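Numbering (the UniProt record's numbering), first residue to last: 1 to 309. All residues carry an ideal CB built from backbone N, CA and C; glycine is no exception. As the structure is a computational prediction, the values presented were derived from the model and not from experiment.
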């Protein structure tokens, strides 16, 4: 696995001046197996979990030989990350076998571990192939840009969400032709995703780390669909508190995250203040390229008391 080609010697601040999606994955190598990065906020004063996971995977990939490709990751979010401070990623080379290699990564702030990840890499090998068929949903060019409505309905919030302009999203309407029927108690959501611009070079690790970031954008909202829509479709105040608890991904086949991918998601359970969501990524040819599962903190917020004059 080759190194990510994003600028490695920089830990950029994320602002309306963000130049490319690859900057979101940029980390600095401090010494062998030790890296540093910065993450933008996903919620007020909380680092975005998808970026923390993507930078952790970038760190792990930099310690693995180029011939091995990452095929899975499993991460736990232990504490909220502070977007105002850098994050240090410590890589443990747990195993280098003949076919498989395993890395453990700890993301540290202020001396405390905020996130842990195990990632597995392997040499490609010939084998039989089968997959689930992609639902025949409308393509992204047939769907409206949700950012236009978001900018219209909440201009100040949209202006402060500079990072979202480094990626593209298209939501498939619930009544669109080709969608599988929604099962009772299992809300579903279908979203096309990609980076805004082509990612530099031909680096498989960069593509996988970019998809790791993208995978955390809508899974939590899928677990909460029985209570509220995704934030780009919502004009009212949020009704629930959401935070990623853990995140797992499996990468099945090669892909590019700078080309449209369909994220087919469903949530089979919500209880005990937790919601479970899972999904599959398909490319434009219907090839199943990756799968993701996430458990999310899911708590309903108490209504604010009405103001009295």
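- Counted as a single uninterrupted DSSP element, the alpha helix (DSSP H) harbouring residue 212 occupies residues 204-215.
- For residue 190, the closest of 296, 150, 272 and 267 by C-alpha to C-alpha distance is 267.
- Its chain contains 78, 79, 106 and 107 as the residues whose beta carbon lies nearer than 8 Å to that of residue 113, once the 5 sequence neighbours on both sides are disregarded; these appear in chain order.
- By the Cβ neighbour-count rule, residue 133 is exposed, with fewer than 16 other Cβ atoms within 10 Å of its own.
- Put simply, the region 248-266 does not touch the region 95-102. Fewer than three CB pairs are less than 8 Å apart.
- By the C-beta criterion, the region 64-74 is judged not to be in contact with the region 26-42, since fewer than 3 inter-stretch pairs fall below 8 Å.
- Taking a contact as a CB-CB distance under 8 Å, the pair residue 280 and residue 291 counts as one, their CB atoms being some 5 Å apart.
- Judged by their CB atoms, residue 57 and residue 296 are not nearer to each other than the 7 Å cut-off.
- In this structure, the beta-carbon distance from residue 193 to residue 199 does not fall below 7 Å.
- A residue is called buried once 16 or more other Cβ atoms fall within 10 Å of its Cβ, and residue 258 is buried on that count.
- Cβ-Cβ separation between residue 183 and residue 137: approximately 17 Å, too far for a contact (criterion under 8 Å).
- Of all alpha-carbon atoms in 299, 135, 294 and 285, the one lying nearest the alpha-carbon of residue 272 is that of 299.
- Rounded to the nearest angstrom, the Cβ distance from residue 210 to residue 21 is 6 Å, consistent with a contact under 8 Å.
- Apart from the 5 residues on each side of it in sequence, residue 147 sits with its Cβ closer than 8 Å to the Cβ of 158, 164, 165, 169 and 232 in its chain, given in chain order.
- Buried is the label assigned to residue 216, since at least 16 other Cβ atoms lie within 10 Å of its Cβ.
- In its chain, beyond the 5 residues on either side, 21, 165, 166, 167 and 168 have a beta carbon closer than 7 Å to the beta carbon of residue 196.
- Along the region 100-142, the beta strand (DSSP E) occurs as fully enclosed runs of 3 or more residues at 100-109 and 112-122, listed in sequence order.
- Boundaries for residue 55: no beta strand (DSSP E) harbours it, while the alpha helix (DSSP H) harbouring it runs 49-61, taken from the DSSP string.
- Under the criterion of beta carbons closer than 8 Å, residue 83 and residue 53 do not qualify as touching, at roughly 15 Å.
- Per DSSP, the continuous alpha helix (DSSP H) segment holding residue 223 begins and ends at 219-223.
- Using a 10 angstroms sphere on the CB of residue 186, the tally of other CB atoms stays under 16, which defines it as exposed.
- Within the same chain, Cβ atoms closer than 6 Å to the Cβ of residue 282 are found at 134, 262 and 288, the five residues on either side in sequence being excluded.
- Around the beta carbon of residue 256, 16 or more other beta carbons sit within 10 angstroms, so the residue counts as buried.
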